[in-house]
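In our numbering, the protein residues as written are 23 to 152. Ideal Cβ positions, reconstructed from N, Cα and C, are used throughout, including at glycine. Everything on this sheet refers to the single structure shown next.
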């Protein structure tokens, strides 16, 4: 039987989330994967003040590999808005100037378009993002 992850105290939780968001910001896919694997990270955690989540940050940095990893968990809430009222899809378009990723995220958010269609992929095959 797998053991439950140890729940960190609030200060440690904030430190872990800050390190996770920094890994997303710099595009360190290995650190992002490791952080998600430890069980103590809330993938939808929002930075105090800005309201930015990992998905917002990755979309704004045009970090497609990180976006694939985050979306692939199935746990990202694509509807979350930052302190300025922007979703990750809006940030992809306005900050990263990537309308393709913005549309993909919007389609996932609303369950429309090609992103909503069931995908059958072979192991190792790329997602719609690349």
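Reference residue i, options the options, closest by Cα
i	options	result
residue 130	94, 68 and 72	94
residue 92	110, 104 and 106	110
residue 50	105, 89, 103 and 106	89
residue 73	135, 43 and 34	43
residue 58	85, 97, 117 and 33	97
Same chain only: Cβ atoms within 7 Å of residue i, ignoring 5 sequence neighbours per side
i	result
residue 115	121 and 124
residue 101	109 and 131
Per-residue burial, residue i [other beta carbons within 10 Å of its own, 16 or more giving buried]
i	result
residue 81	buried
residue 99	exposed
residue 64	exposed
residue 75	buried
residue 119	exposed
residue 41	exposed
residue 128	buried
residue 87	exposed
residue 52	exposed
Same chain only: Cβ atoms within 8 Å of residue i, ignoring 5 sequence neighbours per side
i	result
residue 104	68, 72, 73, 74, 75, 78 and 113
residue 36	none
Sequence-distant residues of the same chain with beta carbon closer than 6 Å to residue i, five excluded per side
i	result
residue 70	none
*Ordered list of alpha helix (DSSP H) runs contained in the segment 58-85, each at least 4 residues*: 76-83
*Which runs of the alpha helix (DSSP H) spanning at least 4 residues fall entirely within the segment 86-116, listed in chain order?*
86-94 and 110-116
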